[in-house]
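Novice: Submitted below is the structure of interest, expressed as structure tokens.
Number of protein chains: 2
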Amino acid sequence: MSYVLAIITAFSSSNVKEITLKARGQAITTAVDVAEITRSRFLKDLKVSSIAIGTAEMPPREGETKSRMVSTIEIGMQKP
Amino acid sequence: MSYVLAIITAFSSSNVKEITLKARGQAITTAVDVAEITRSRFLKDLKVSSIAIGTAEMPPREGETKSRMVSTIEIGMQKP
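Chains as they are written, first to last, in my numbering: chain A, 1 to 80; chain B, 101 to 180.
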């Protein structure tokens with residue numbers, strides 16, 4: 001809900017027309033939830049303008065030697 | 101990896117040009133992973149043709165009375 005509030009706050013500024021949510025790994029589900037909750041409950045005129053998925057390389061965790069690949073998502077949301 | 105294999109198998113049939121991955125809730129991350137792994141490691145000419153997000157209503161779990169809203173994703177993948 002703090003992400004939803006951040007989006008509402010950003011859009012309440014009159015010069016903000018579009019924001020992009022970015023997430024990777026397990027947070028991808030959270031990003032989709034945030035976009036859906038914002039759009040269905042709060043800012044009903046908001047449109048999802050773009051969705052892109054990709055892969056990012058993360059440095060190895062402590063004690064590991066290989067870097068890991070994680071999926072990413074970018075969700076653009078636009079005021080009419 | 102079993103989902104990746106299912107996609108490769110589907111596309112190996114010559115009359116399949118497009119498949120759609122559908123997932124909801126925590127499985128959204130898995131769907132993005134599956135799309136990215138298939139595209140980056142196995143079928144490199146595959147294109148993501150569409151991505152849509154939405155909300156679905158799920159019946160209440162045992163012992164609960166309210167239905168829950170879950171986020172959904174649909175990822176379309178296309179052969180050239």
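Here a beta-carbon is modelled for each residue, glycine too, at the ideal position from N, C-alpha and C.
To the nearest angstrom, how far is the alpha carbon of V34(A) from that of V132(B)?
Specialist: Locating residue 34(A) in the first sequence gives position 34, counting from the first residue. Locating residue 132(B) in the second sequence gives position 32, counting from the first residue. Answer to the nearest angstrom: the Cα atoms are 17 Å apart.
Novice: Return no unless some Cβ of chain A is closer than 8 Å to the Cβ of G176(B).
Specialist: The residue labelled residue 176(B) in the question sits at position 76 within the second sequence. Answer no: the Cβ-Cβ gap between G176(B) and chain A never drops below 8 Å.
Novice: With a threshold of 6 Å on Cβ separation, who are the neighbours of T120(B) within its own chain once the five nearest residues in sequence on each side are excluded?
Specialist: Taking the first residue of the second sequence as position 1, residue 120(B) is located at position 20. The residues are E174, G176.
Novice: How is R139(B) classed by DSSP in three states: helix, strand or coil?
Specialist: The sequence position of residue 139(B) within the second sequence is 39, counting from 1. Note: R139(B) maps to helix in three-state DSSP.
Novice: Please check if any C-beta of chain D sits within less than 8 Å of the C-beta of E36(A).
Specialist: Absence of chain D from the displayed structure is noted, the protein chains being A and B.
Novice: Taking K122(B) as the reference, give the member of I108(B), Y103(B), F111(B), R139(B) with the closest Cα.
Specialist: Locating residue 122(B) in the second sequence gives position 22, where the first residue counts as 1. With distances taken between Cα atoms, K122(B) lies closest to Y103(B).
Novice: Note the first and the last residue of the continuous alpha helix (DSSP H) segment covering T109(B).
Specialist: Stepping through the second sequence from its first residue, residue 109(B) is reached at position 9. Unbroken alpha helix (DSSP H) run through T109(B): 102-112.
Novice: Given a cut-off of 8 Å, decide if S71(A) and I53(A) are closer than it, judged by their beta-carbon atoms.
Specialist: Here residue 53(A) corresponds to residue number 53 of the first sequence, with the count starting at 1. Here residue 71(A) corresponds to residue number 71 of the first sequence, with the count starting at 1. Yes; because the gap between Cβ atoms is below 8 Å, this pair is in contact.
Novice: Once the 5 residues before and after F42(A) are set aside, which same chain residues still bring their CB inside 7 Å of it?
Specialist: As a working note, residue 42(A) is residue 42 in the first sequence. Answer for F42(A): V4, I8, listed in chain order.
Novice: Quick one: what's got a C-beta closer than 7 Å to S50(A)'s C-beta in the same chain, skipping five residues either side?
Specialist: Counting from one through the first sequence, the residue named residue 50(A) turns up at place 50. Taken in chain order, the residues that qualify are G76.
Novice: Any beta-carbon of chain A closer than 8 Å to the one on T155(B)?
Specialist: On the second sequence, position 55 is the one that residue 155(B) refers to. T155(B) counts as touching chain A.
Novice: Taking just the CA atoms, how far does M1(A) sit from R68(A)?
Specialist: In the first sequence, residue 68(A) corresponds to position 68, counting from 1. In the first sequence, residue 1(A) corresponds to position 1, counting from 1. In a straight line, the C-alpha of R68(A) is about 29 Å away from that of M1(A).
Novice: What three-state label does DSSP hand T72(A) in the structure shown?
Specialist: Counting from one through the first sequence, the residue named residue 72(A) turns up at place 72. T72(A): strand per DSSP, three-state reduction.
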